[in-house]
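Novice: Take a look at this one; I'll ask things after.
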Amino acid sequence: MQRCTWAGQDELMIRYHDDEWGVPVYDDRKLFEMLILEGMQAGLSWTTVLKKRENFRQAFDGFDARKIAQYDAGKVAELMANPGIIRNRLKINAAIENAKQFLAMQELHGSFSHFIWQFVDSKPITNHWTSSSEVPATSIESDRMSKALRKLGFKFVGSTICYAFMQATGMVNDHTKDCFVRKQAY
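Last residue of the sequence shown: number 217 in the numbering used here, and the count goes up by one each step with no gaps.
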């Protein structure tokens, strides 16, 4: 089977590519999880994040935004001491702030999903790349998303992180033309 080349040979990456990447997500909790994980990935490989994802789920209370928004200095210290996650104080503090903003977004728009999907007019953008090397790091839509999220107080939501988030949550389909997942799903 032909896959996008970035999936490589790592079994965890292959499963992520085959089963998750590019599949549209509308569930608020899953969207929040992916937003936090994409922020944690900044400057690191996605493989690193995937290997620690279960640890993140445990450490961050199943990505329950209501619980995360209440984290205090003691919880931050606990997270900083947890070798199973990425221990970056700025990223951990950003996750807490993002939880607060996420809850405010739900309150204002009824759901985070409704807000976030507006950047692609509520339907996935399907690109037609021949090679993974053609896939951009940002787009006009990720620029707009980043600007809007930052204006609302979200952290670690630059355009590159937003574009990766859009790919991960199926807002953008960047599976290459020869990828079997693209052929099955689209």
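For every residue, glycine included, the Cβ atom is placed at its ideal position computed from N, Cα and C. Predicted model, so just to flag it, every value in this text is computed and none were measured.
Taking the alpha carbon of Phe-63 as the point to measure from, which residue in Arg-118, Gly-115, Asn-129 and Gln-40 has its own alpha carbon closest?
Specialist: It is Asn-129 whose Cα lies nearest to the Cα of Phe-63.
Novice: Smallest Cα separation from Trp-77: which of Val-56, Trp-52 and Ser-142?
Specialist: The candidate whose alpha carbon is nearest that of Trp-77 is Trp-52.
Novice: Please check the pair Glu-42 and Ile-192, which I expect to be a contact at CB under 8 Å, by giving their CB distance rounded to whole angstroms.
Specialist: Contact flag wrong, Cβ pair sits at about 25 Å.
Novice: Taking its Cβ as the centre, do 16 or more other Cβ atoms sit within 10 Å of Arg-14, making it buried, or is it exposed?
Specialist: No answer is possible for residue 14: the residues shown for the chain start at 32 and end at 217.
Novice: Go ahead and label Pro-114 buried or exposed: buried means 16 or more other beta carbons lie within 10 angstroms of its beta carbon, across all protein chains shown.
Specialist: Exposed is the call here.
Novice: I'd like to know whether the C-beta atoms of Gln-137 and Phe-143 end up nearer to each other than 7 Å.
Specialist: Yes, these two residues count as a Cβ contact at 7 Å.
Novice: Using beta-carbon positions only, say whether Gln-33 and Phe-211 come within less than 7 Å of one another.
Specialist: Contact flag set, yes.
Novice: Within a Cβ cutoff of 7 Å, which residues of the same chain sit near Arg-181, ignoring the five residues on either side of it in sequence?
Specialist: Counting only Cβ-Cβ distances below 7 Å, and skipping sequence neighbours, we find Val-188.
Novice: For Asp-50, which of Asp-209, Thr-207, Ala-199 and Lys-208 has the nearest alpha-carbon?
Specialist: The candidate whose alpha carbon is nearest that of Asp-50 is Ala-199.
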